[in-house]
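In the numbering used here, the protein residues as written are 132 to 273. The beta-carbon is built from N, C-alpha and C at its ideal position, and this holds for glycine as well.
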Ligand SMILES: [Zn+2]
């Protein structure tokens, strides 16, 4: 193997490592930028939020739609919900999502990955190595 190949290989393996979201500072749950357009609620930084927490946009979107009890879709960088939804409600749901699907329950860091094992959804922490099942919500909020 010549030098070039080796370096290229090394670069590639570095690139394929999971990106660390944060350094040592406290993780801030992303804040939604929300405004209203006609009779819809627009979450302007939807794609950024999904990127910040390293989660699939579709997964985040379906969670928000279900929890907000509305229909909607992703449109490029933003998500558009039917109806005028109070801003606090959207922020709360974003926080819920992060608590539930992103933050490690041991060390509270966001450097986690969702994995599926025997049809159970698990959260594996890359920072401390803890593995937890994703908590199912016990009571339905309406
Ligand atoms: Zn952890």
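Secondary structure of residue 220 (DSSP, three-state): helix.
Taking non-hydrogen atoms of ligand 1 into account, the C-beta of residue 198 is found less than 8 Å away from none of them.
The segment 157-234 contains, as complete alpha helix (DSSP H) runs of 4+ residues, the segments 177-183, 188-199, 218-232 (chain order).
Not a single heavy atom of ligand 1 lies less than 8 Å from the C-beta of residue 178. For the set 136, 221, 192, 195, the Cα lying nearest the Cα of residue 167 is the one of 221. Note on residue 210: 16 or more other CB atoms within 10 angstroms of its CB, so buried under the neighbour-count rule. A contact is defined here as three or more CB-CB pairs under 8 Å, and the segment 177-195 fails this definition with respect to the segment 258-266.
Around the beta carbon of residue 165, a 10 Å sphere encloses 16 or more other beta carbons of the protein chains shown; the residue is thus reported as buried. Within the DSSP bridge table, the entry for residue 262 names 255 as partners.
The C-beta distance from residue 215 to residue 170 rounds to 7 Å, short enough to fall under 8 Å. Proximity of the segment 177-188 to the segment 225-241 meets the contact definition, three or more beta-carbon pairs being nearer than 8 Å.
What you get when you keep residues with a C-beta closer than 6 Å to any heavy atom of ligand 1 is 235, 237, 238, 240, 256, 258, 259, 261. Between residue 160 and residue 265 the beta-carbon gap is near 17 Å, outside 8 Å, which marks them as no contact.
Nearest in C-alpha terms to residue 172, of all of 180, 203, 178, 251, is 203.
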